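The next block holds one structure in the form of structure tokens; read it before the comments.
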Ligand SMILES: Cc1ncc(COP(=O)(O)O)c(C=O)c1O
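So, in structure tokens, the structure goes:
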């Protein structure tokens with residue numbers, strides 16, 4: 014082909030950078046904005062920046078040769094099937110294996126009640142799709158997973174946040190929020206919770222609180238949506254017992270192979286009470302016809318033919334080393350008045366700045382100092398969280414983590430000096446959910 018012919022065709026003149034469809038989009042798209050994390054990606058991925066922002070699993074230890082052999086075997090022996098549509102509920106053998114995985118957390122489930130999804134992100138979407146109309150209330154921890162908040166926003170839900178502490182969701186705050194929602198004449202559709210190694214909070218729900226939270230939800234007849242992608246990535250000996258293990262009828266459980274195997278496979282799942290499961294399959298069929306057959310068979314072959322538990326153990330050891338590096342650097346370097354959570358697993362530390370500092374306003378100065386984080390406001394539906402940030406230790410090496418924390422500490426020191434001279438940042442109010450936000454209008 015001549016070079017002339019390969020050139021990109023010129024845009025038609027009427028196609029300007031302004032969106033000419035702006036008055037035609039559905040109302041639900043108004044809440045669809047790029048997350049603060051996405052906006053950061055281009056800067057944070059520059060090599061000179063230590064990114065403590067992204068939450069990408071570190072899959073450098075995956076056995077790519079073995080995975081290559083599994084792909085070869087799958088295509089060679091079951092290629093016709095792997096390349097074909099399959100059941101909307103997901104591959105039967107994989108659903109059995111998923112039940113074996115969940116047994117590690119005390120869950121006794123039948124494969125019929127499992128629906129395979131495109132990552133647990135799609136599971137959040139499907140559950141919200143079948144339960145929530147615009148204006149419905151969803152209860153979430155404060156802070157909460159940015160991807161779930163995006164789904165709730167897209168379905169035009171009202172999010173009511175409930176405060177956490179070092180033991181996870183606070184039962185007293187949950188009771189208070191439920192009372193306030195009821196007083197506003199609303200009935201929440203579900204409690205969305207991440208009990209283990211919270212993203213972004215870094216905390217886990219203690220065993221006594223698990224019972225208490227389930228009792229409260231039982232009393233209030235409130236469905237629980239338990240999102241548990243990090244459950245097997247704890248640094249202790251045994252995984253936490255899933256909420257679903259003790260309450261099969263009122264808990265919808267979401268799992269994922271993104272952190273224990275590979276996020277690129279896009280395989281997650283929902284375990285739901287029988288009737289809910291039927292609706293989820295219908296929703297899955299209308300969304301995708303079926304989850305990807307190839308990925309499902311690959312995950313299934315990996316679980317069957319490889320020491321996946323040994324691999325998860327390796328992941329846990331790597332993440333623990335990085336967690337330790339971050340905690341040590343924080344204790345050594347952070348100025349007084351800075352506090353942070355101590356995660357017992359997963360990827361994240363939640364850091365609270367000294368009073369009067371604003372993490373979002375500080376971010377450009379941090380990036381100039383070649384360190385990136387995610388400001389706390391990304392994890393709230395209502396603008397709270399400005400004095401906080403999420404730090405991820407999953408990806409950089411321990412040396413880079415220490416360097417990143419050193420740079421961040423320097424930026425915070427400078428902010429403190431500015432605070433001395435000019436006073437507190439205007440938005441850096443120290444907020445609390447002791448009085449829950451139930452302005453649902
Ligand atoms: C709490 C939580 N839920 C769900 C997801 C989505 O994971 P995936 O769709 O890859 O399974 C993530 C990813 O980071 C997460 O942290």
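In our numbering, the protein residues as written are 14 to 454.
Yeah, the Cβ is synthetic: ideal placement off N, Cα and C, and Gly gets one too.
These numbers were taken from a predicted model, which means no experiment stands behind them.
Practice task
State buried or exposed for residue 355, treating a residue as buried only when at least 16 other CB atoms are found within 10 Å of its CB.
Solution key: Along the chain shown, read from residue 1 onward, the residue named residue 355 stands at position 342. Flag for residue 355 reads exposed.
Handout entry: 8 Å Cβ shell around residue 424 - same chain, five flanking residues per side excluded
Key = Taking the chain shown and counting its residues from 1, one reaches residue 424 at position 411. If we look at residue 424 and ignore the five residues flanking it on each side, its Cβ neighbours are 375, 378, 379, 382 and 384.
Practice task
List the endpoints of the continuous alpha helix (DSSP H) containing residue 154.
Solution key: Residue mapping note: residue 154 aligns to position 141 of the chain shown, counting from 1. Not the alpha helix (DSSP H): residue 154 falls in the beta strand (DSSP E), residues 150-155.
Practice task
Could you check what DSSP says for residue 59 in three-state terms: helix, strand or coil?
Solution key: By 1-based counting over the chain shown, the position of residue 59 is 46. If DSSP states are grouped into helix, strand and coil, residue 59 belongs with coil.
Practice task
Could you tell me if residue 104 is buried or exposed, where buried requires 16 or more neighbouring beta carbons within 10 angstroms of its beta carbon?
Solution key: Against the chain shown, residue 104 aligns to sequence position 91. So residue 104 ends up on the buried side.
Handout entry: CA-to-CA distance, residue 204 to residue 397, given in whole angstroms
Key = Taking the chain shown and counting its residues from 1, the one referred to as residue 397 is at position 384. Taking the chain shown and counting its residues from 1, the one referred to as residue 204 is at position 191. In a straight line, the C-alpha of residue 397 is about 19 Å away from that of residue 204.
Handout entry: Candidates 239, 186 and 201: closest to residue 211 by CA position
Key = In the chain shown, residue 211 corresponds to position 198, counting from 1. Ranking 239, 186 and 201 by Cα distance to residue 211 puts 239 first.
Handout entry: Element boundaries [alpha helix (DSSP H), containing residue 144]
Key = The residue given as residue 144 occupies position 131 in the chain shown. From DSSP, the alpha helix (DSSP H) with residue 144 extends over 132-144.
Practice task
Name all residues in chain order for which at least one heavy atom of ligand 1 lies closer than 6 Å to the residue's CB.
Solution key: 68, 132, 133, 134, 158, 160, 207, 212, 240, 242, 269, 271, 276 and 281
Exercise for the section: Classify residue 361 as buried or exposed, calling it buried when 16 or more other Cβ atoms lie within 10 Å of its own Cβ. Expected result: Against the chain shown, residue 361 aligns to sequence position 348. Answer is buried; the Cβ neighbour count reaches 16.
Exercise for the section: Would you mind reading off the limits of the alpha helix (DSSP H) that contains residue 407? Expected result: The residue given as residue 407 occupies position 394 in the chain shown. First-last for residue 407: undefined, no H or E at that position.
Handout entry: residue 287 versus residue 115 - alpha carbon distance
Key = By one-based count along the chain shown, residue 287 stands at place 274. By one-based count along the chain shown, residue 115 stands at place 102. For residue 287 and residue 115, the distance between alpha carbons rounds to 17 Å.
Handout entry: Straight-line gap, residue 96 to residue 141 (C-alpha atoms, nearest Å)
Key = Within the chain shown, the letter at position 83 stands for residue 96. Within the chain shown, the letter at position 128 stands for residue 141. Going by the C-alpha atoms only, they are around 30 Å apart.
Exercise for the section: Give me whichever residues DSSP pairs with residue 392 in a beta bridge. Expected result: Locating residue 392 in the chain shown gives position 379, where the first residue counts as 1. Paired residue(s): none; residue 392 is not in a bridge.
Handout entry: Those runs of the beta strand (DSSP E) which lie wholly inside the stretch 278-304 and span at least 3 residues
Key = 281-284
Problem - Same chain, Cβ closer than 8 Å to residue 258, five either side skipped, listed in chain order - result: Walking along the chain shown from the start, residue 258 turns up at place 245. Excluding sequence neighbours, residue 258 sits near 118, 119, 120 and 121.
Practice task
Have a look at residue 291 and residue 112 and give me their C-alpha separation to the nearest angstrom.
Solution key: Taking the first residue of the chain shown as 1, we reach residue 291 at position 278. Taking the first residue of the chain shown as 1, we reach residue 112 at position 99. Cα to Cα, the separation comes out at about 18 Å.
Exercise for the section: Select from 246, 426 and 373 the residue whose C-alpha is nearest the C-alpha of residue 321. Expected result: Working through the chain shown from its first residue, we reach residue 321 at position 308. Nearest Cα to residue 321 within the set 246, 426 and 373: 246.
Exercise for the section: Please determine if the stretch 270-290 and the stretch 167-174 are in contact, where contact requires at least 3 C-beta pairs separated by less than 8 Å. Expected result: no
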